[in-house]
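Peer 1:
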Amino acid sequence: ILSSFSLLILFLLIFRSFSALLQVFSILLIAIFSAILATQFCFGYVHGMTIAIGSTLIGICIDYPIHAVAHAQSVASRNKKKLIAKIWPSMVMGGITTLVGYIALGASGYPGFQQVAVYAVVGVITSLLLTRFVLPALLVNRRLRKVSIPTIEYWREFASRHQRRFFLLLFTMFIFALWQTQSLHWMEDMQQLTPELDYLKQRDKQIRERMSSIEPGRFVLITGNTPEMALQTAEQLYPMLEKLKTEGQLKNYYGLYPWLLSAHQQRQNQNRLNDYLTEENLALWRNALASQGLSTERLGQLNYAADAPLTAEKVLSSPIKKIIDHQFIIHEHSTLLMIWLGRHQTDAIKATLSSLPNADYFSQRDLINQMTLNYTIRAKQLLSYGILIIVALLIWRYKNFNLAVYTLMPSLLASILILGFWAFSGVAVSFLHLVGLLLVIAICVDYGIFYQENRGGDISLTYQAMAASMLTSAAAFGGLLFTESASLRILAAVVVIGVTLGFLLCPVFLKQRVEK
């Protein structure tokens, strides 16, 4: 809602036309609803993360109508369709490079992002097609005011006039940033991506300090075909864990004892108790009662009947269930039993469990951290492959390697400068930062394409349209800065900074050519 409201205000300030607003946002609504329906069709549901990140597509999809509207206002009504058709190849190339970034986002393996790829592909393609084949007919008889964003033209002229000086400065910054990237600090704990839960973690810590010290997400997992088998395995493990406690390698552990024992252990305990109930011991008991003035008739009879063992099913049907049900999972053909661990030495626990085939050490934190490492490796690969694909597309487009590299340079330099800043400031870089950089490159290369090709023939108007596109993209992603999800805030911050920097660098690196 915040992103959409920001875009409405921006569009009205830039174009000052309610009719253009209605036409452009009708295209956006069709594109977004098409993307939602396509996602629902492919996956059977629409993930919340898809809607959150997909909302940023409003800022991307609006780029194409903005360029069409901005260029159409510079010519007579009869020439508007022709001019939009002329800039169409630049729109298509920009759309393709943008999709590279979003498809990479889906290929990152992060839950929810797979849907984003489908959402983005459908949304961008729909927006492109509507801009090319529907919007021109709507603009034919519309009189629009010329786009004029203050200071933008001054910056373009200033940057173009001092290209050589800027180039030397940026080259120095590029070398410094590239050197700094060697000291990047990589995020190793995925819990750093959920600082929004800090208040819960603090509350959890306070509760645990009053109860006991349990290592979060670390426990012994015992499996058995039946509850009885799982309980018997746990009872073999308890003495081993007690030994580790005495040796100082385990602070404490929390199993199902004393709430539940195996039927085998219950029968053993009952037999041992009955073995002690001899006539001699019973006589001593009655004499002790009598010496204290207590009734031997009521308290002196210790004849315990051979009751049936207490089963797991009976315990779980009692109020005790709320205490142990998080440690005991019973399926039809298997049972899982968890023994929570306090602070411990991992190697000692694993060595102890090696003699029990149905007992395994499990660390949720280690598993998540390994996932973080895998995601980071995947993100590095996607960033590299994404850049190579975009370069290949530009070479195919221009049939000139140098021109392709120059077109990519503003977005690439913006990304490297951001990386250098992270390294210099000690920011912990995660796979989300890298995926965000790929989105920056995929979005910013559109600016390089439009500026380099300048198909409308008026570089001032082209840069004004690019400025409108940059502002709307920044506004759409900027709305995510106010979410409670750290993951979305990371993506938003990277893209907002990256697209702004990439836009400003275009006049520094590129010399426009006029397409006839």
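With the sequence shown counted from 1, adding 4 to any position gets you this note's numbering. Ideal placement from N, C-alpha and C gives every residue a C-beta, glycine not left out.
So, using beta-carbon positions, are Phe507 and Ala471 closer together than 8 Å?
Peer 2: As a working note, residue 507 is residue 503 in the sequence shown. As a working note, residue 471 is residue 467 in the sequence shown. Closer than 8 Å, so yes.
Peer 1: Going along the chain, which unbroken runs of the beta strand (DSSP E) with 3 or more residues stay wholly within the segment 259-310?
Peer 2: The segment 259-310 contains no whole beta strand (DSSP E) run of 3 or more residues.
Peer 1: Enumerate, from N- to C-terminal direction, the unbroken alpha helix (DSSP H) stretches of 4 or more residues contained entirely within the segment 219-246.
Peer 2: Listed in chain order, nothing qualifies, since the segment 219-246 has no complete alpha helix (DSSP H) run of 4 or more residues.
Peer 1: Grab me the residues of Thr230's own chain with a C-beta within less than 8 Å of its C-beta, minus the 5 sequence neighbours each way, in chain order.
Peer 2: Looking up residue 230 in the sequence shown gives position 226. Cβ neighbours of Thr230 beyond the five flanking positions: Thr339.
Peer 1: Which residues share a DSSP beta bridge with Val433?
Peer 2: By 1-based counting over the sequence shown, the position of residue 433 is 429. According to DSSP, Val433 bridges with Trp190.
Peer 1: From the DSSP output, in three-state form, read off Ser321 for me.
Peer 2: Against the sequence shown, residue 321 aligns to sequence position 317. Residue state, collapsed to three classes: coil.
Peer 1: Tell whether a beta-carbon distance below 8 Å holds between Ser473 and His71.
Peer 2: One-based indexing of the sequence shown puts residue 473 at position 469. One-based indexing of the sequence shown puts residue 71 at position 67. Yes. Within cutoff.
Peer 1: Which residue's Cα is closest to the Cα of Leu6: Gly502, Thr60, Met53?
Peer 2: What you label residue 6 is simply residue 2 of the sequence shown in a count that begins at 1. Nearest C-alpha to Leu6: Thr60.
Peer 1: Let's test the definition: count the other Cβ atoms within 10 Å of the Cβ of Thr335 and tell me whether it reaches 16, buried, or not, exposed.
Peer 2: For the purposes of this step, residue 335 is identified with residue 331 of the sequence shown, where counting begins at 1. It should be noted that the sequence gives His, not Thr, for residue 335. Per the 10 Å Cβ criterion, exposed.
Peer 1: For the beta strand (DSSP E) that contains Thr339, what are its first and last residues?
Peer 2: For the purposes of this step, residue 339 is identified with residue 335 of the sequence shown, where counting begins at 1. Looking at the DSSP string, the run of the beta strand (DSSP E) that includes Thr339 is 339-345.
Peer 1: Restricting to runs no shorter than 4 residues, where is the alpha helix (DSSP H) found entirely within the segment 344-405?
Peer 2: Counting only runs of 4 or more, we get 350-357, 368-402.
Peer 1: Give the range of the beta strand (DSSP E) segment to which Ile18 is assigned.
Peer 2: The sequence position of residue 18 within the sequence shown is 14, counting from 1. Premise fails: Ile18 lies in the alpha helix (DSSP H), 6-19, not in any beta strand (DSSP E).
Peer 1: Which partner residues does Tyr257 have in the DSSP bridge list?
Peer 2: Taking the first residue of the sequence shown as position 1, residue 257 is located at position 253. According to DSSP, which records beta bridges pairwise, Tyr257 is partnered with Leu345.
Peer 1: For Leu201 and Gln167, I'd like the C-alpha separation in whole angstroms.
Peer 2: Reading the sequence shown from its first residue, position 197 is the one you call residue 201. Reading the sequence shown from its first residue, position 163 is the one you call residue 167. Caution is warranted here: a pLDDT of 48 is assigned to Leu201, below 50, making its placement in the model unreliable, and no coordinate value can be reported.
Peer 1: Just to confirm, are Leu442 and Gly390 a CB contact at a threshold of 8 Å?
Peer 2: Locating residue 442 in the sequence shown gives position 438, where the first residue counts as 1. Locating residue 390 in the sequence shown gives position 386, where the first residue counts as 1. In contact: Leu442 and Gly390 (Cβ atoms closer than 8 Å).
Peer 1: Within 10 angstroms of the Cβ of Arg214, are there 16 or more other Cβ atoms? Answer buried if so, exposed if not.
Peer 2: Working through the sequence shown from its first residue, we reach residue 214 at position 210. Interpretation of Arg214 is limited by its pLDDT of 44, a score under 50 that renders its predicted location unreliable; the figure taken from the coordinates is listed afterwards. So Arg214 ends up on the exposed side.
Peer 1: Going by DSSP in three states, Ile333 sits in which element: helix, strand or coil?
Peer 2: Looking up residue 333 in the sequence shown gives position 329. Ile333 falls in the strand class under three-state DSSP.
Peer 1: By Cβ distance below 7 Å, which residues in the same chain neighbour Ser266 in space, the five residues on each side in sequence not counted?
Peer 2: Residue 266 sits at position 262 when you count from the first residue of the sequence shown. Result list for Ser266: Glu232, Leu235, Gln236, Glu239, in chain order.
Peer 1: Using the rule of at least 16 other Cβ atoms within 10 Å of the residue's Cβ for burial, across every protein chain shown, is Gln272 buried or exposed?
Peer 2: Position 268 of the sequence shown, counting from 1, holds the residue named residue 272. Exposed, by the Cβ-count rule.
Peer 1: Just mark Lys403 as buried or exposed, buried being the case when its beta carbon has 16 or more other beta carbons within 10 Å.
Peer 2: On the sequence shown, residue 403 is found 399 positions in, with the first residue counted as 1. Answer is exposed; the Cβ neighbour count stays below 16.
Peer 1: Just to confirm my understanding: we take Thr102, look at its own chain, exclude 5 residues before and 5 after, and list those with CB closer than 7 Å. What are they?
Peer 2: Position 98 of the sequence shown, counted from the start, is the residue given in the question as residue 102. So the qualifying residues of the chain are Ile64, Val128, Ala446, Ile447, Asp450.
Peer 1: My assumption, with CB atoms under 8 Å, is that Arg430 sits in contact with Phe180. Please give the rounded CB distance.
Peer 2: Within the sequence shown, numbered from 1, the residue matching residue 430 stands at position 426. Within the sequence shown, numbered from 1, the residue matching residue 180 stands at position 176. Residue 430 is actually Gly in this sequence, not Arg. That belief does not hold up - the Cβ atoms of Gly430 and Phe180 are roughly 16 Å apart, past 8 Å.
Peer 1: State the Cα-Cα distance for the pair Tyr203 and Arg222, rounded to the nearest angstrom.
Peer 2: Taking the sequence shown and counting its residues from 1, one reaches residue 203 at position 199. Taking the sequence shown and counting its residues from 1, one reaches residue 222 at position 218. Unreliable placement is indicated for Tyr203, whose pLDDT of 49 sits below 50; the coordinate value is still reported in the next sentence. For Tyr203 and Arg222, the distance between alpha carbons rounds to 21 Å.
Peer 1: Tell me the rounded alpha-carbon separation between Phe15 and Ser152.
Peer 2: Position 11 of the sequence shown holds residue 15. Position 148 of the sequence shown holds residue 152. Spanning the two alpha carbons is a distance of roughly 12 Å.
Peer 1: Closest to Ile420 by CA distance: which of Ile107, Ala479, Leu505 is it?
Peer 2: Looking up residue 420 in the sequence shown gives position 416. With distances taken between Cα atoms, Ile420 lies closest to Leu505.
Peer 1: So, is Asn458 buried or exposed, given that buried needs 16 or more other C-beta atoms within 10 angstroms?
Peer 2: To locate residue 458, count along the sequence shown from 1; it is residue 454. By the 10 Å Cβ count, Asn458 comes out buried.
Peer 1: Please determine, among Gln118, Leu254, Tyr365, Gly460, the residue with the shortest C-alpha to C-alpha distance to Val50.
Peer 2: Taking the first residue of the sequence shown as position 1, residue 50 is located at position 46. For Val50, the nearest C-alpha among the options comes from Gln118.
Peer 1: Short of 6 Å in beta carbon distance, which residues of its chain neighbour Ser187, apart from the five on each side in sequence? Order them along the chain.
Peer 2: Reading the sequence shown from its first residue, position 183 is the one you call residue 187. Only Ala427 meet the Cβ criterion.
Peer 1: In whole angstroms, give me the CA-to-CA distance for Leu245 and Ile55.
Peer 2: The count along the sequence shown starts at 1 and reaches residue 245 at position 241. The count along the sequence shown starts at 1 and reaches residue 55 at position 51. Whole-angstrom Cα-Cα distance: 48 Å.
Peer 1: Could you pull out every residue in the same chain whose Cβ sits closer than 7 Å to the Cβ of Val500, ignoring the five residues on either side in sequence?
Peer 2: Here residue 500 refers to the residue found at position 496 when the sequence shown is read from its first residue. Ala478, Phe481, Gly482.
Peer 1: Count the other CB atoms within 10 Å of the CB of Trp183; is the residue buried (16 or more) or exposed (fewer)?
Peer 2: Residue mapping note: residue 183 aligns to position 179 of the sequence shown, counting from 1. Under this definition Trp183 is an exposed residue.
Peer 1: Whether or not the segment 33-46 and the segment 87-104 are in contact is what I'm after, with contact meaning three or more pairs of Cβ atoms, one per stretch, closer than 8 Å; do they touch?
Peer 2: Judged by Cβ distances under 8 Å, the segment 87-104 makes no contact with the segment 33-46, as fewer than three pairs qualify.
Peer 1: Could you check the C-alpha separation between Ile100 and Ile393 for me, to the nearest Å?
Peer 2: One-based indexing of the sequence shown puts residue 100 at position 96. One-based indexing of the sequence shown puts residue 393 at position 389. Rounded to whole angstroms, Ile100 to Ile393 spans 10 Å at the Cα level.
Peer 1: Specify the secondary structure class of His51 as computed by DSSP and reduced to three states.
Peer 2: Sequence index remark: in the sequence shown, residue 51 carries index 47 (1-based). The answer is coil: DSSP assigns His51 none of H, G, I, E or B.
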